[in-house]
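According to the UniProt record's numbering, the sequence shown is numbered sequentially starting from 1.
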Amino acid sequence: MDITWIAIETTLAVFSIVGIGFFLRRRNIITTEIAQGLMNIAINVLFPCLILDKMLGSKVLTQPLVVISAAGMGFCTIMIGYGLCYLVGPLVGLQRGSGRRTFAVSSGLQNFGFVAIPLLAAFFPSEESMAVLFTHNVGVDVALWTVGLMLLSGTKKPSWQLLMKGPIIAVFFGLLLANIDAGSWMPNVISTILGDLGACTVPVCLLITGSTFSDLVGKEKFRMKVAAGSIIMRLAVLPLIMLSLARFLPISTELKQVMVIQASLPAAVTTIILSRYYGGQPGVAIQVVIATTLAALITMPLIITLGIQWLGL
Numbered sequence: 001m002d003i004t005w006i007a008i009e010t011t012l013a014v015f016s017i018v019g020i021g022f023f024l025r026r027r028n029i030i031t032t033e034i035a036q037g038l039m040n041i042a043i044n045v046l047f048p049c050l051i052l053d054k055m056l057g058s059k060v061l062t063q064p065l066v067v068i069s070a071a072g073m074g075f076c077t078i079m080i081g082y083g084l085c086y087l088v089g090p091l092v093g094l095q096r097g098s099g100r101r102t103f104a105v106s107s108g109l110q111n112f113g114f115v116a117i118p119l120l121a122a123f124f125p126s127e128e129s130m131a132v133l134f135t136h137n138v139g140v141d142v143a144l145w146t147v148g149l150m151l152l153s154g155t156k157k158p159s160w161q162l163l164m165k166g167p168i169i170a171v172f173f174g175l176l177l178a179n180i181d182a183g184s185w186m187p188n189v190i191s192t193i194l195g196d197l198g199a200c201t202v203p204v205c206l207l208i209t210g211s212t213f214s215d216l217v218g219k220e221k222f223r224m225k226v227a228a229g230s231i232i233m234r235l236a237v238l239p240l241i242m243l244s245l246a247r248f249l250p251i252s253t254e255l256k257q258v259m260v261i262q263a264s265l266p267a268a269v270t271t272i273i274l275s276r277y278y279g280g281q282p283g284v285a286i287q288v289v290i291a292t293t294l295a296a297l298i299t300m301p302l303i304i305t306l307g308i309q310w311l312g313l
């Protein structure tokens, strides 16, 4: 099947589930309490199970260079995004204190987790690629929970305690298990439990994402400059940089595959919540997330198709 058509189909499938979550929230089938409960289950149970399921039998994760390059690439690309988007802030009418730092964090951080998983599975359906994705995301998480929160809150001291979350702990545990070849001797019942619970992660999280959008739409005054600036940075400039790094740096094929998917993603919904709790400007984050998500319906298939062709994947 043509790569472009696969990209379109996969993108529509992902956003259709998000749309169902949006509808269920509007009908009050997913209430605020239900959404919070589902998110807690997803973060603390389902997502760790998915990570362990995909990492247990991974051979590529026994190579230290692959692990370091994946996590390092995740961290460095987010730092590049933060820096460039911070510089662009004044061009879209944002200064420090009026949303410049929030624009930097929200535009500089892609929706690296839940949306990336089904896309990667559709285009590169190997356990090794998925394992590298989770390792890559550790670097992204470090950038988010240290530098990202420092930008949002205006503090100069990172909060390392925030990194002690279920998914990150699961990645480190998964790396340990992969290096002792746990996949070959672990009882089938444990593998089945991890697989069954892990399979619930993506649809549940996409439904929650849709319900979150339902709560946000129409809450903030629309600013064309902010929306346009975020689309240009998140869906044009940063993808070009990420794909260029993937093409010219000596990294593994699996990491190149991860980079193609990451380059195509819109802004992360997480930044809206974080900007509320850590002194940012949630109105700016809302506009960035909604604008880039809507635009990604068109740009995502294009970026994935062009990325696969350019990198020869």
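No residue lacks a Cβ here, since even glycine has one placed at the ideal position from N, Cα and C.
- [ ] Report buried or exposed for residue 64, applying the criterion of at least 16 other Cβ atoms within 10 angstroms of its Cβ.
- [x] Start at 1 with the first residue of the sequence shown, and residue 64 comes out as number 64. With fewer than 16 Cβ atoms within 10 Å of its Cβ, residue 64 is classed as exposed.
Task: Separation of residue 15 from residue 140, as counted between CA atoms - done: Taking the sequence shown and counting its residues from 1, the one referred to as residue 140 is at position 140. Taking the sequence shown and counting its residues from 1, the one referred to as residue 15 is at position 15. So the two alpha carbons sit approximately 23 angstroms from each other.
- [ ] Have a look at residue 6 and residue 307 and give me their C-alpha separation to the nearest angstrom.
- [x] One-based indexing of the sequence shown puts residue 6 at position 6. One-based indexing of the sequence shown puts residue 307 at position 307. Near 14 angstroms, if we compare the C-alpha coordinates of residue 307 and residue 6.
Task: Euclidean distance between Cα positions of residue 190 and residue 52 - done: Numbered from 1 along the sequence shown, position 190 holds the residue referred to as residue 190. Numbered from 1 along the sequence shown, position 52 holds the residue referred to as residue 52. If you take the alpha carbons of residue 190 and residue 52, they lie about 10 angstroms apart.
TODO: On the DSSP bridge assignment, give the partners of residue 267 in chain order.
DONE: The residue you call residue 267 lines up with position 267 of the sequence shown. Answer by DSSP bridge pairing, in chain order: 110.
TODO: Would you tell me roughly how many angstroms separate the C-alpha atoms of residue 223 and residue 287, rounded to the nearest one?
DONE: Looking up residue 223 in the sequence shown gives position 223. Looking up residue 287 in the sequence shown gives position 287. When rounded, the distance between both Cα atoms is 8 angstroms.
Open item on the list: Residues in the same chain with beta-carbon distance under 6 angstroms from residue 186, minus the five sequence neighbours each way, listed in chain order, please.
Closed with: Numbered from its first residue, the sequence shown carries residue 186 at position 186. Cβ within range, chain order: n/a, list empty.
- [ ] Assign residue 310 to buried or exposed, taking buried as 16 or more other Cβ atoms, counted over all protein chains shown, within 10 Å of its Cβ.
- [x] The residue given as residue 310 occupies position 310 in the sequence shown. The residue in question, residue 310, is exposed, as its Cβ has fewer than 16 Cβ neighbours within 10 Å.
Open item on the list: When you measure from the CB of residue 166 to every non-hydrogen atom of the ligand MG, does any distance come out below 7 angstroms?
Closed with: Ligands in the displayed structure: none, and consequently the ligand MG is not present.
Task: Cβ neighbour criterion (16 or more within 10 Å) applied to residue 277 - done: Along the sequence shown, one-based indexing puts residue 277 at 277. Exposed, by the Cβ-count rule.
Open item on the list: So, at 6 angstroms on beta carbons, what are the nonlocal neighbours of residue 102 in its own chain, with the 5 sequence-adjacent residues on each side left out?
Closed with: Locating residue 102 in the sequence shown gives position 102, where the first residue counts as 1. Correct list, in chain order: 275, 280, 281, 284, 285.
Open item on the list: Taking 6 angstroms as the limit between beta carbons, can you name the residues of its chain near residue 174, skipping five residues before and five after?
Closed with: Looking up residue 174 in the sequence shown gives position 174. So the list reads 51, 52, 55, once near-sequence residues are dropped.
Task: For residue 119, the nearest candidate out of 20, 304, 88 (CA to CA) - done: Residue numbering aside, residue 119 sits at position 119 when the sequence shown is read from its first letter. Checked all of 20, 304, 88; the closest Cα to residue 119 is 304.
Open item on the list: Which residue marks the beginning of the alpha helix (DSSP H) containing residue 247, and which one marks its end?
Closed with: Stepping through the sequence shown from its first residue, residue 247 is reached at position 247. Segment 238-248, the alpha helix (DSSP H) holding residue 247.
- [ ] Determine the DSSP secondary structure at residue 200, reduced to helix, strand or coil.
- [x] Reading the sequence shown from its first residue, position 200 is the one you call residue 200. The answer is coil: DSSP assigns residue 200 none of H, G, I, E or B.
Open item on the list: Beta-carbon within less than 6 angstroms of residue 133's beta-carbon, same chain only, minus the 5 sequence neighbours each way: which residues are those?
Closed with: Start at 1 with the first residue of the sequence shown, and residue 133 comes out as number 133. For residue 133, where only same-chain residues beyond five positions count, the Cβ hits under 6 angstroms are 120, 258.
- [ ] Determine, using beta-carbon pairs with one atom in the region 144-151 and one in the region 27-41, whether at least three such pairs fall under 8 angstroms.
- [x] no
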